[in-house]
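2 protein chains.
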Amino acid sequence: MATSGPRGQYAKTPQRRQEILEAAIEVFAASGYRGGSLREIADRVGMSLAGLLHHFSSKSELLSGVLTLRDEVAIRDFGSMEGPGEERVRNYLRLIIGNESERGLAELYCILSAEATAPDHPAHDYFIQRYEFVSGLMYPAFADLAAQGKLRPGVDPKQATIDLIAITDGIQLQWLLRPNVNQMGESVRRYLESVTTLEF
Amino acid sequence: MATSGPRGQYAKTPQRRQEILEAAIEVFAASGYRGGSLREIADRVGMSLAGLLHHFSSKSELLSGVLTLRDEVAIRDFGSMEGPGEERVRNYLRLIIGNESERGLAELYCILSAEATAPDHPAHDYFIQRYEFVSGLMYPAFADLAAQGKLRPGVDPKQATIDLIAITDGIQLQWLLRPNVNQMGESVRRYLESVTTLEF
DNA sequence: GTCTATAGGGGGATAGAC
DNA sequence: GTCTATCCCCCTATAGAC
């Protein structure tokens, strides 16, 4: 066993793995997990199906790789996880507005989360945990705003967390179906202004 | 040509068609259009694949049948399309609350609408038109409420229409993934109370 | 109206050469 | 690390008997 440095389990060809993951994101975004095929992903990256399966030993493992990669990027983009409530909600809105220029990413989460409502879907547990993660990030933010008197009267932090996530997911679906009709950030901004006394 | 009575184009075995459509709803709800198979639908209704294809000549035609059937039911359930704004938003909320006891239906629309964001999906145009239909139903309701001074200051009827649909779709997805966490009607009710001066 | 049989394609995954 | 060849499964759809 070599020392667990950069030549560990996944040191074979990090670059190749990255290419495969990016192609997989495109294909899964367009056709979902069920509808997307490993052959098409392999074609896009210019290799054979068997070659791809050398790097990811099964379709579901490739999906795991995609989700892990996206989590790393998203967590980095979000910025601080420790700041005050106001900073977090502003970071959230900034992230949603940023997604307006990444249609493929919105497509990916839209189709995967819908597929993953089926209990036997390989990403079922992932999406449940993802909701818990986002809730666990935003609920304290709203609770902090409440403590500072920055929530409007009658607004419950727990409900606000649920509804913020709902309007985010819903506007994303709507944006994908009718790209011309609205901008995602506007709906999320309106929602945040409707539950807080802040301006965004 | 017979007179266009009950023995028209689709009079062969209306009951058989109905059974097939109901099985198709279950299968498409669980696995989506791409993931659902005609064989499984045929099995559920206790007939062969070829037998099924005698009633619906292709998979996409079966999907059309499902969507048409659901539209008929939904339009009937919604009630009056002509009443004042207040009645319409109340009908909308009532419909959403009613859906809480029809999980299969929520699953169906959730997965099909996500799949249908792909331009080549057989239900792509259907879901675009569906958004236009619902918008065309609810925008006049909010506009009427605005004219009666029943919208809160700063609320735009057009934006309210978009956000109402967004929160509805989003809370549905969330409900499917974590059924224990919330009730769909509550989020929609909260939204309606946040944009109007009415009580629900 | 329903069936069996079959065509014809695409899917994920493995074996083994290089 | 990448390939070709192959296995076996499931898919939609059609042909034709009953």
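Chains as they are written, first to last, in the working numbering: chain A, 1 to 200; chain B, 201 to 400. Every residue, glycine too, gets a C-beta built ideally from N, C-alpha and C.
Checklist entry - Nearest to R390/B by CA position, among R44/A, D156/A and F56/A, is which residue? => result If we check each option's Cα against that of R390/B, D156/A comes out closest.
Next on the checklist: One question on the structure: do L69/A and L105/A come within less than 7 angstroms of each other, judged by their Cβ atoms?
Outcome noted: No, the Cβ-Cβ distance between L69/A and L105/A is not below 7 angstroms.
Next on the checklist: Since G285/B and A341/B should fall inside the 8 angstroms C-beta cutoff, what is the C-beta to C-beta distance between them, to a whole number of angstroms?
Outcome noted: The C-beta distance from G285/B to A341/B rounds to 4 angstroms, short enough to meet the 8 angstroms contact threshold.
Next on the checklist: For a contact defined as C-beta to C-beta under 8 angstroms, what are the partners of T317/B on chain A?
Outcome noted: Chain A residues near T317/B: E107, C110, I111, L173, L176 and L177.
Checklist entry - Which of the three DSSP states, helix, strand or coil, is assigned to L198/A? => result Per DSSP, reduced to three states, the secondary structure at L198/A is coil, with no helix or strand assignment.
Item to check | For L63/A, the nearest candidate out of A23/A, W175/A, S135/A and D43/A (CA to CA) | outcome: Of the candidates A23/A, W175/A, S135/A and D43/A, the one whose C-alpha sits nearest the C-alpha of L63/A is A23/A.
Item to check | DSSP beta-bridge partners of L351/B | outcome: Looking at the DSSP assignment, L351/B forms a beta bridge with T396/B.
Item to check | Under 7 angstroms between C-beta atoms of L67/A and L49/A | outcome: Cβ distance not < 7 angstroms, so L67/A and L49/A don't count as in contact.
Checklist entry - Fully enclosed by the region 240-281 of chain B, which alpha helix (DSSP H) runs are 4 residues long or longer? => result DSSP assignment within the region 240-281 of chain B yields the following whole alpha helix (DSSP H) runs of 4 residues or more, N-terminal first: 249-255 and 259-278.
Next on the checklist: Do C310/B and L364/B count as a contact pair if the criterion is CB distance below 7 angstroms?
Outcome noted: Taking 7 angstroms as the Cβ cut-off, L364/B and C310/B do not qualify as a contacting pair.
Checklist entry - Should F327/B be labelled buried (16 or more other beta-carbon atoms within 10 Å of its own) or exposed? => result A residue is called buried when at least 16 other Cβ atoms come within 10 angstroms of its Cβ; F327/B meets this threshold and is buried.
Item to check | For S101/A, three-class secondary structure by DSSP | outcome: In the structure shown, the three-state DSSP call for S101/A is coil.
Item to check | When E272/B, L377/B, R234/B and R290/B are compared against M338/B, the one with the closest alpha-carbon | outcome: When E272/B, L377/B, R234/B and R290/B are compared, the shortest CA-CA separation from M338/B is found for R290/B.
Checklist entry - Do I371/B and S394/B have their C-beta atoms closer together than 7 angstroms? => result No, the Cβ-Cβ distance between I371/B and S394/B is not below 7 angstroms.
Checklist entry - How about E272/B: is its Cβ closer than 6 angstroms to a heavy atom in the ligand SAH? => result No copy of the ligand SAH occurs in the structure displayed, which carries no ligand at all.
Checklist entry - So what's Q183/A in DSSP terms, helix, strand or just coil? => result Judged by DSSP in its simplified three-state form, Q183/A adopts coil rather than helix or strand.
Item to check | Own chain, CB closer than 7 angstroms to G265/B, minus 5 neighbours either side, in chain order | outcome: Excluding residues within five positions, the ones whose Cβ falls inside 7 angstroms are L221 and F256.
Item to check | Near-chain B residues of the region 149-172 of chain A - C-beta to any C-beta below 7 angstroms | outcome: Correct list: Q159, I162, D163, I165, A166, I167, T168, D169, G170 and I171.
Checklist entry - Y131/A versus chain B: which residues are under 9 angstroms apart at the beta carbon? => result For Y131/A, the chain B residues whose Cβ falls inside 9 angstroms of its Cβ are Q374, L377, R378 and V381, in order along the chain.
Checklist entry - Straight-line CA distance for Q15/A to V45/A? => result Using only the alpha carbons, I get a separation of about 11 angstroms.
Checklist entry - For a contact meaning CB atoms closer than 7 angstroms, what does I96/A contact in chain B? => result Going along chain B, no residue has its Cβ under 7 angstroms from I96/A, so there is no contact; the nearest lies around 12 angstroms.
Checklist entry - Between the C-alpha atoms of G354/B and P119/A, what's the straight-line distance to the nearest angstrom? => result Our two residues, G354/B and P119/A, have alpha carbons roughly 42 angstroms apart in a direct line.
Next on the checklist: Does E115/A pass the burial test, meaning 16 or more other C-beta atoms within 10 Å, or should it be called exposed?
Outcome noted: E115/A comes out buried.
Checklist entry - What are the residues of the region 30-54 of chain A that lie near chain B, defined by any Cβ-Cβ distance shorter than 8 angstroms? => result Result list: A30, S31, G32, R34 and G35.
Next on the checklist: Rounded to the nearest angstrom, what separates Q183/A and D243/B at their Cα positions?
Outcome noted: One Cα belongs to Q183/A, the other to D243/B, and the distance between them is close to 44 angstroms.
Checklist entry - Would you say F327/B faces chain A, with C-beta separation under 7 angstroms as the test? => result Chain A contact via Cβ: present.
Checklist entry - Around the C-beta of N180/A, are 16 or more other C-beta atoms found within 10 angstroms, so that it is buried, or is it exposed? => result Burial call: exposed.
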